[in-house]
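K.L.:
For the sequence shown, numbering that gives the first Met the number 0 gives the first residue as 0, with consecutive numbering after it.
The beta carbon of each residue, even a glycine, is placed where N, CA and C say it ideally should be.
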Amino acid sequence: MSTERSSFVQPSIPRFDGHYDHWSMLMENFLRSKEYWSLVENRITTYAEGTVLTEAQLKTLEDQKLKDLKAKNYLFQAIDRAILETILKKDTTKDIWDSLKKKYQGTARVKRAQLQALRKEFEMLQIKNGETVTDYFARTLTVANKIRIHGDRMEDVTVIEKILRSMTSKYDYVVCSIEESKDTDALLIDELQSSLLVHEQRMTCHDIEEQALKVSHENYTSGRGRGGFRGRGKGRVHQGPFDKSTVECYHCHELGHFQYECPQKENENKANVAETEEEMLLMAFIDQKNNQNCTRGTWTRATAII
């Protein structure tokens, strides 16, 4: 028994940090867990002066006063000394709570203005291009929770219908499927998010496959002959950084360059040019010799005739 008590951790009292809406939500949940929230909603039972109370009524009244003291103690621990000094004259838990609410939540007019602004923001919500389903749900639920904190009892079905009509056209198929096959009044927000996430994952996989196919097609069509990463022959250099370590030369069959860049081919071309020039010079020399012989033979015959 002692082990169970030592392992039980008492919930911490929410400290008021100036953000009343957030603190009041946490504090309300805390007081409800202690079964003291009824003292905030309703005052301690009062009786007119001179009323004779029965023993049961006296016992009930004493129990309420004891619970009220405990609830007030929790509130005192949740606020700073500067705030505490402004509510010392408040007698009951309800008086303290109402005083804090009036001071820090603002007047009803300001509250209505804030609520109208939040409603407008909620109606203007649309999923953005490139935004994930998870991020859009988080953004929508944040605004919806603020509206609820300001007193508007927004139902889950309102949030679900808003999300369904604010998705982009690429979600039309799954949105129509959900609206036709499921009752939106009974649909949970988590179920809707799960369905949209599955559709988003499928579209992402499809986009990746299309991109891979497009890159493969571009790599194939960017060269001539046996183009590609190990393409042979002359090919057009792919725009942007390109790794030639896998390119095979069609001339020397070595990796790392195209045929038009082959150093062996360049050396061979130079050698061929030199050899061609030598052959042309030799042919010119032979032609010149022949011409000289022909001229000398003509002069010899002419002399003999004379």
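(1) Classify Leu-254 as helix, strand or coil using the three-state DSSP reduction.
(2) Under 8 Å by Cβ, that's how I've got Ile-188 and Ile-159 pegged, so tell me the actual separation to the nearest angstrom.
(3) How big is the Cα-Cα spacing for His-149 and Glu-199?
(4) Around the C-beta of Cys-175, are 16 or more other C-beta atoms found within 10 angstroms, so that it is buried, or is it exposed?
(5) On the three-state DSSP scale, how would you describe Cys-261?
(6) When you compare only the Cα positions, how much space is there between Arg-80 and Arg-42?
(7) Can the beta-carbon of Asp-151 be found less than 8 Å from the beta-carbon of Leu-114?
(8) Got a sec, what are the start and stop residues for the alpha helix (DSSP H) Phe-29 sits in?
(9) Residue ranges of each alpha helix (DSSP H) run of no fewer than 4 residues wholly in the region 130-169, ordered along the chain?
(10) Considering only their Cβ atoms, is the gap separating Asp-67 from Leu-38 smaller than 8 Å?
(11) Within 8 Å, do at least three Cβ pairs link the region 52-62 to the region 135-144?
(12) In terms of alpha-carbon separation, which member of Asp-94, Tyr-19 and Gln-104 lies closest to Lys-71?
(13) Under the three-state reduction of DSSP, which class applies to Asp-16: helix, strand or coil?
(14) If you reduce the DSSP assignment to three classes, tell me which class Glu-40 lands in.
(15) Using the three-state DSSP reduction, which class does Ile-369 fall into: helix, strand or coil?
(16) Does Leu-117 pass the burial test, meaning 16 or more other C-beta atoms within 10 Å, or should it be called exposed?
(17) Hey, Pro-13 and Ala-112: beta-carbon distance below 8 Å or not?
(18) In three-state DSSP terms, what is Met-123?
(19) Would you be able to state if there are at least three C-beta pairs under 8 Å between the region 126-136 and the region 96-103?
(20) Going by CA-CA distance only, name the one from Lys-101, Ile-82, Cys-261 and Met-202 that's closest to Thr-167.
(21) Does DSSP put Asp-94 in a helix, a strand or coil?
(22) How big is the Cα-Cα spacing for Leu-163 and Ile-146?
(23) Quick check: the Cα distance between Thr-44 and Phe-121, rounded to an integer number of angstroms?
P.N.:
In short:
(1) The count along the sequence shown starts at 1 and reaches residue 254 at position 255. Strand at Leu-254.
(2) Within the sequence shown, residue 188 is the residue found at index 189, counting from 1. Within the sequence shown, residue 159 is the residue found at index 160, counting from 1. That pair is a contact at about 6 Å.
(3) Numbered from 1 along the sequence shown, position 150 holds the residue referred to as residue 149. Numbered from 1 along the sequence shown, position 200 holds the residue referred to as residue 199. Taking the straight line joining both Cα atoms gives about 33 Å.
(4) Within the sequence shown, the letter at position 176 stands for residue 175. Exposed, by the Cβ-count rule.
(5) In the sequence shown, counting from the first residue as 1, residue 261 sits at position 262. The answer is coil: DSSP assigns Cys-261 none of H, G, I, E or B.
(6) Position 81 of the sequence shown, counting from 1, holds the residue named residue 80. Position 43 of the sequence shown, counting from 1, holds the residue named residue 42. Computed Cα separation, rounded: 25 Å.
(7) Position 152 of the sequence shown holds residue 151. Position 115 of the sequence shown holds residue 114. It is a contact, given that the beta carbons lie within the stated cut-off.
(8) For the purposes of this step, residue 29 is taken as residue 30 along the sequence shown, with counting starting at 1. Taken as a continuous stretch (DSSP letters only), the alpha helix (DSSP H) holding Phe-29 covers 19-32.
(9) 132-148 and 155-164
(10) Mapped onto the sequence shown, residue 38 falls at position 39. Mapped onto the sequence shown, residue 67 falls at position 68. For Leu-38 and Asp-67, yes; Cβs fall inside 8 Å.
(11) No, they do not touch.
(12) Along the sequence shown, one-based indexing puts residue 71 at 72. Its Cα nearest to that of Lys-71, the residue Asp-94 stands out among Asp-94, Tyr-19 and Gln-104.
(13) Within the sequence shown, residue 16 is the residue found at index 17, counting from 1. Correct three-state label for Asp-16: coil.
(14) For the purposes of this step, residue 40 is identified with residue 41 of the sequence shown, where counting begins at 1. The answer is helix: DSSP assigns Glu-40 an H, G or I state.
(15) One cannot answer for residue 369 here, as it falls past the ends of the chain, which runs 0 to 305.
(16) Sequence index remark: in the sequence shown, residue 117 carries index 118 (1-based). Classification for Leu-117: buried.
(17) Here residue 13 is taken as the residue at index 14 of the sequence shown, counted from 1. Here residue 112 is taken as the residue at index 113 of the sequence shown, counted from 1. It is not a contact, given that the beta carbons lie outside the stated cut-off.
(18) Translated into positions along the sequence shown, residue 123 becomes position 124. Coil, per DSSP.
(19) no
(20) If you number the sequence shown from 1, residue 167 lands on position 168. Residue Met-202 is the option with its Cα nearest to Thr-167.
(21) Within the sequence shown, residue 94 is the residue found at index 95, counting from 1. Three-state result, Asp-94: helix.
(22) As a working mapping, residue 163 is identified with position 164 in the sequence shown. As a working mapping, residue 146 is identified with position 147 in the sequence shown. One C-alpha to the other measures close to 19 Å.
(23) Position 45 of the sequence shown, counting from 1, holds the residue named residue 44. Position 122 of the sequence shown, counting from 1, holds the residue named residue 121. So the alpha carbons of these two residues sit roughly 42 Å apart.
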